[in-house]
Amino acid sequence: MLSYILKRLAIAIPTLLVLIIISFLLMHSAPGGPFTSERELPPQVLANLNAKYGLDDPLWKQIGSYVWGIVTEFDFGPSFVYKDRSVNEIIAQGFPITLTYGLLSFAVAVIVGVSLGVAAAVRHNSALDYAAVGVSIGAQVLPNFVMAPILVLVFTLWLGWLPGGGWQGPEYWIMPVIALSTSFMASIARITRSSMLEVLTSNHIRTARAKGLPERRVIMRHALKPAMLPVISYLGPAFVAMITGSVVVDIYFSTGGIGKAFVDSALNRDYAVMMGVTILVGALTIFFNLVVDILYGWIDPKIRY
Amino acid sequence: MKFRKTMTASALALGLALQAQAADVPEGVTLADEQTYTFWLLDAIKSMDPQINTDVEGSDVLRNLFEGLYNEDGNGELVPGVALDHKVSEDGKTYTFNLREDAKWSNGEPVTANDFVYSWRRLADPATASEYAWYMELMQVENAPEIIAGDKSPEELGIRAVDDHTLEVKITTPLPYFPQMLVHGSTFPVLQSVVEEHGDDWTDAGTLVGNGAYKLVEHQLGERVVMEKSDTYWDAENVVMEKITALTINDVNQALTRYLAGELDRVDIPAGQYPRLKKEYPEQAVSTPYNCSYIYMLNVGEKGPEALKDVRVRKALAYAIDRDIIVERILQGGQKPSYNWTHWAIADFERPELDWADNMDQAQRVEKAKELLAEAGYGPDNPLDLTLQYNTSEDHKKIAIAASQMLKQVGVNLTLDNYEWKVHTDRMQSQDYDMARYAWCGDYNEASTYLDLLTSYSGHNNGEFYNDAYDKLMKDSKTAEDPQPLYQEAEKILAEEMPIIPIYHYANVDMIAEDIEGLPENNVNNTWYGKDLYRVAE
Numbered sequence: 025m026l027s028y029i030l031k032r033l034a035i036a037i038p039t040l041l042v043l044i045i046i047s048f049l050l051m052h053s054a055p056g057g058p059f060t061s062e063r064e065l066p067p068q069v070l071a072n073l074n075a076k077y078g079l080d081d082p083l084w085k086q087i088g089s090y091v092w093g094i095v096t097e098f099d100f101g102p103s104f105v106y107k108d109r110s111v112n113e114i115i116a117q118g119f120p121i122t123l124t125y126g127l128l129s130f131a132v133a134v135i136v137g138v139s140l141g142v143a144a145a146v147r148h149n150s151a152l153d154y155a156a157v158g159v160s161i162g163a164q165v166l167p168n169f170v171m172a173p174i175l176v177l178v179f180t181l182w183l184g185w186l187p188g189g190g191w192q193g194p195e196y197w198i199m200p201v202i203a204l205s206t207s208f209m210a211s212i213a214r215i216t217r218s219s220m221l222e223v224l225t226s227n228h229i230r231t232a233r234a235k236g237l238p239e240r241r242v243i244m245r246h247a248l249k250p251a252m253l254p255v256i257s258y259l260g261p262a263f264v265a266m267i268t269g270s271v272v273v274d275i276y277f278s279t280g281g282i283g284k285a286f287v288d289s290a291l292n293r294d295y296a297v298m299m300g301v302t303i304l305v306g307a308l309t310i311f312f313n314l315v316v317d318i319l320y321g322w323i324d325p326k327i328r329y
Numbered sequence: 002m003k004f005r006k007t008m009t010a011s012a013l014a015l016g017l018a019l020q021a022q023a024a025d026v027p028e029g030v031t032l033a034d035e036q037t038y039t040f041w042l043l044d045a046i047k048s049m050d051p052q053i054n055t056d057v058e059g060s061d062v063l064r065n066l067f068e069g070l071y072n073e074d075g076n077g078e079l080v081p082g083v084a085l086d087h088k089v090s091e092d093g094k095t096y097t098f099n100l101r102e103d104a105k106w107s108n109g110e111p112v113t114a115n116d117f118v119y120s121w122r123r124l125a126d127p128a129t130a131s132e133y134a135w136y137m138e139l140m141q142v143e144n145a146p147e148i149i150a151g152d153k154s155p156e157e158l159g160i161r162a163v164d165d166h167t168l169e170v171k172i173t174t175p176l177p178y179f180p181q182m183l184v185h186g187s188t189f190p191v192l193q194s195v196v197e198e199h200g201d202d203w204t205d206a207g208t209l210v211g212n213g214a215y216k217l218v219e220h221q222l223g224e225r226v227v228m229e230k231s232d233t234y235w236d237a238e239n240v241v242m243e244k245i246t247a248l249t250i251n252d253v254n255q256a257l258t259r260y261l262a263g264e265l266d267r268v269d270i271p272a273g274q275y276p277r278l279k280k281e282y283p284e285q286a287v288s289t290p291y292n293c294s295y296i297y298m299l300n301v302g303e304k305g306p307e308a309l310k311d312v313r314v315r316k317a318l319a320y321a322i323d324r325d326i327i328v329e330r331i332l333q334g335g336q337k338p339s340y341n342w343t344h345w346a347i348a349d350f351e352r353p354e355l356d357w358a359d360n361m362d363q364a365q366r367v368e369k370a371k372e373l374l375a376e377a378g379y380g381p382d383n384p385l386d387l388t389l390q391y392n393t394s395e396d397h398k399k400i401a402i403a404a405s406q407m408l409k410q411v412g413v414n415l416t417l418d419n420y421e422w423k424v425h426t427d428r429m430q431s432q433d434y435d436m437a438r439y440a441w442c443g444d445y446n447e448a449s450t451y452l453d454l455l456t457s458y459s460g461h462n463n464g465e466f467y468n469d470a471y472d473k474l475m476k477d478s479k480t481a482e483d484p485q486p487l488y489q490e491a492e493k494i495l496a497e498e499m500p501i502i503p504i505y506h507y508a509n510v511d512m513i514a515e516d517i518e519g520l521p522e523n524n525v526n527n528t529w530y531g532k533d534l535y536r537v538a539e
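Sequence order for the protein chains is A and B.
Here my numbering is used: position 200 in the first sequence is 224, and no number is missing along the way.
Here my numbering is used: position 46 in the second sequence is 47, and no number is missing along the way.
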């Protein structure tokens, strides 16, 4: 197990390097640059800017010194657009925000989704089942960019219960978490339900019931664990989708999170921020997939690494 | 703006100091207990450094944290800032500013002429690599181009401190509107000791030292900026507003919802919603002229299409577009249809009579357009195909679709190309387009901020329209006793040559809370200062 983890981590390094090089080249091949603006800069001013940010070096040298800065000093460079700040400062401010509402959304999606799915499967074809399926389909077809303005309309403008956006305390977390978690919650509920239905008809459940175990124990101890396998494999991509979804949350709820910075950096050609966030998201994706694989092995003893 | 004309007289001290400063609360008005003002920002503030900032939104914040030589009042007229008044030399090239002695930095140190010297040098210094370094060139400060090019040292810039409270600036050509340009944020002073001690971090909340009426208390990037009244400001006793907050909300509709929920005191109205809001909230929905002009730029240069080199075609394109429909049906926010380049509300500027604008109705223009196209050899058998590119935005798209329908009537097939902002700009700047959506916002309240753009020596003339007579007019205007007639001539040349298709002049369409007073009502740059605001009790 340990050697497997080490091996995966070792593969992660060249993966990240390839990610860095490809993103770097793609970024630089897009038309325009960080200092392209409506007011075209006089050539001399542009030259001064390019010199300051090292953009007048050949690309290979830029990539080289960029990677070197990361490896030796963990320095992701200065932002080309938010000039008072370094990439490290931008990530240090935005990432904890995204992480907070991301993890909360994740927890809500898993807890509510699994409970809903299990309840629906156990009470198969009952009113509860139909209600759960209805809710989850409804929640899934409602994209977060539709849901976010509706939430603000209802809870801020009409009811006046919650602040319409910003990031000052727990009351600011509620709407972002609802907006971000709902569709994942719905997917998890549906996956759990169908997986649970399948497990409930399997031999070991029949055996468990036959030996007279209480139904509650059958479900919680014998059915839930194997039923979780497809859910867990869904969590990896769900995590990545949540990062993407955080853009919408940042835009509609003005959280100041990293998702908006990610999109802006691409639009602004803020190469350094774009690279910094790409590496962060890339590393998190690799890490999360690893966690999912480890969970797999823990849940299903048949899987050995 | 009257005093500008008198300025050519030398050694004239301006009698500005007597004018009202800070919040001008009329007698009998009861102030609210809580003096707070919350306004909306579309995006995160890119920089709080006066010499680095390039954004209008950044300037809105900077004007509260710093103070330049002059400020503007609600009508766009100059009022004293750190400078009480100034004298101009006989040749119009040397300005001597008399600085107030009671101006202080937020750390208690006095604001001196040397602070301005340091900051202006810093703006031009290649080491600063400011995107607004060109503003020093625009101001014609002596040696600015050479310093930016690295050929001279920043110490050679035409600015010097005669003593602590006397500042002398030398410019290369007399600029009648030079004092107007001093309202711009990039000319604000910064404190050398603080900048040098903290480097790029000097603008962090808690570290930033300014000389404005407010000090920076909190800055959460992309979330909010909080400023509180500064006790060291020279006019602090007349500053009523205690706390100013800027909230970043990236979606304009969301911002409106939050305004309606009472979270904001001012917000932009999304396109098309002004009529409804005006009806529902007549006291809050306001539309005021705003210093930007929306056009379709035509590529008349080498790389442009053959057809656009023909002035008849250019005129036909301009004539065929019905601006009233665009303004009244699409934008619906009090914008004005435009037939010329300079914004109608620019101080002292009066549009000359233009045949196509004043003596024709739209039906006649369309007829004329058809005639001109036929003369140029285009018609049903030989239709004219052009592309119109615009940057991503719902409004630009709607206008482009309308324009393509209008041009179809006269037999022009317009292909619409949508690009994201940077690509759009990049293509325009490399003349890789036929027609392109463009807007220019004036740097100051004077017509040359528009008209200079279309000279052959301007850095922004992306349509490559070169006209000697036009260039000469603009050069002459710099030294003319009264440049206005020259500006009118320049506009006439534009109407005759039609290198750009004017579409409309911007308006600021806002919701403003009823109890907030002191925001400018007649300032085309919408330059506002927190120190002028106050909230009345309900």
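Beta carbons: idealized from backbone N, C-alpha and C, even for Gly.
C-beta contact flag for residue i and residue j at 9 angstroms
i: Phe263 (chain A); j: Met199 (chain A); result: no
i: Asp349 (chain B); j: Gln485 (chain B); result: yes
i: Ala491 (chain B); j: Tyr340 (chain B); result: no
i: Leu70 (chain B); j: Phe117 (chain B); result: yes
i: Asn52 (chain B); j: Val142 (chain B); result: The question names Asn, but residue 52 (chain B) in the sequence shown is Gln. Contact flag unset, no.
i: Ala162 (chain B); j: Ala114 (chain B); result: yes
i: Tyr320 (chain A); j: Ile310 (chain A); result: no
i: Met436 (chain B); j: Leu474 (chain B); result: no
i: Phe100 (chain A); j: Met244 (chain A); result: no
i: Asn108 (chain B); j: Thr233 (chain B); result: yes
i: Leu253 (chain A); j: His148 (chain A); result: no
i: Tyr119 (chain B); j: Ser187 (chain B); result: no
Cβ of residue i within 9 angstroms of any chain E Cβ
i: Ile198 (chain A); result: The chain inventory of the structure shown lacks chain E, comprising the protein chains A and B.
Backbone secondary structure at residue i - three-state DSSP
i: Ala234 (chain A); result: helix
i: Pro190 (chain B); result: coil
i: Leu17 (chain B); result: Residue placement at Leu17 (chain B) is flagged as unreliable, the pLDDT there being 46, under the threshold of 50; the coordinate-derived value follows with that caveat. DSSP places Leu17 (chain B) in coil when its eight states are reduced to three.
i: Tyr451 (chain B); result: helix
i: Phe263 (chain A); result: helix
i: Lys216 (chain B); result: strand
i: Ile331 (chain B); result: helix
i: Asp483 (chain B); result: coil
i: Arg324 (chain B); result: helix
i: Leu417 (chain B); result: strand
i: Gly281 (chain A); result: coil
i: Glu224 (chain B); result: coil
i: Tyr535 (chain B); result: strand
i: Arg352 (chain B); result: coil
i: Ile513 (chain B); result: strand
Cut-off 8 angstroms between Cβ atoms - residues of its own chain near residue i, not counting five sequence neighbours on either side
i: Lys94 (chain B); result: Lys171, Ile172, Thr173, Thr174, Pro175
i: Asp444 (chain B); result: Tyr136, Leu139, Met182, His185, Thr450
i: Asp396 (chain B); result: Ala272, Ile331, Leu332
6 angstroms Cβ shell around residue i - same chain, five flanking residues per side excluded
i: Thr302 (chain A); result: Ser47
i: Lys532 (chain B); result: Ala23, Ala214, Val240
i: Val272 (chain A); result: Asn168, Phe169
i: Lys434 (chain B); result: Checking the sequence, you will find Tyr at residue 434 (chain B) rather than Lys. Excluding sequence neighbours, Tyr434 (chain B) sits near Asn300, Gln390, Arg428.
Whole-angstrom C-beta distance between residue j and residue i, which should lie under 8 angstroms
i: Leu454 (chain B); j: Tyr471 (chain B); result: The pair is not a contact, with the Cβ atoms about 11 angstroms apart (cut-off 8 angstroms).
i: Ala346 (chain B); j: Trp235 (chain B); result: Going by Cβ atoms, the distance from Ala346 (chain B) to Trp235 (chain B) rounds to 32 angstroms, so no, they are not a contact pair.
i: Gly269 (chain A); j: Leu204 (chain A); result: 5 angstroms
i: Ile318 (chain A); j: Ile256 (chain A); result: Contact doesn't hold; Cβ gap of about 10 angstroms is too wide.
Own chain, CB closer than 7 angstroms to residue i, minus 5 neighbours either side, in chain order
i: Val312 (chain B); result: Glu498, Met499
i: Glu515 (chain B); result: Glu284, Gln285
i: Ala206 (chain B); result: Leu217, Val218, Glu219, His220
i: Ala133 (chain A); result: Ser205, Phe208, Met209, Ile212
Q. Where are the alpha helix (DSSP H) runs, 4 residues long or more, that stay fully inside the stretch 166-236 of chain A, in chain order?
A. 168-175, 198-224, 227-234
(Q) What ranges does the alpha helix (DSSP H) occupy inside the stretch 112-195 of chain B, keeping only unbroken runs of at least 4 residues that lie completely in it? (A) At a cut-off of 4 residues, the continuous stretches assigned as alpha helix (DSSP H) that sit fully inside the stretch 112-195 of chain B are 114-125, 135-139, 145-149, 179-182.
(Q) Restricting to runs no shorter than 4 residues, where is the alpha helix (DSSP H) found entirely within the stretch 47-93 of chain B? (A) 57-66
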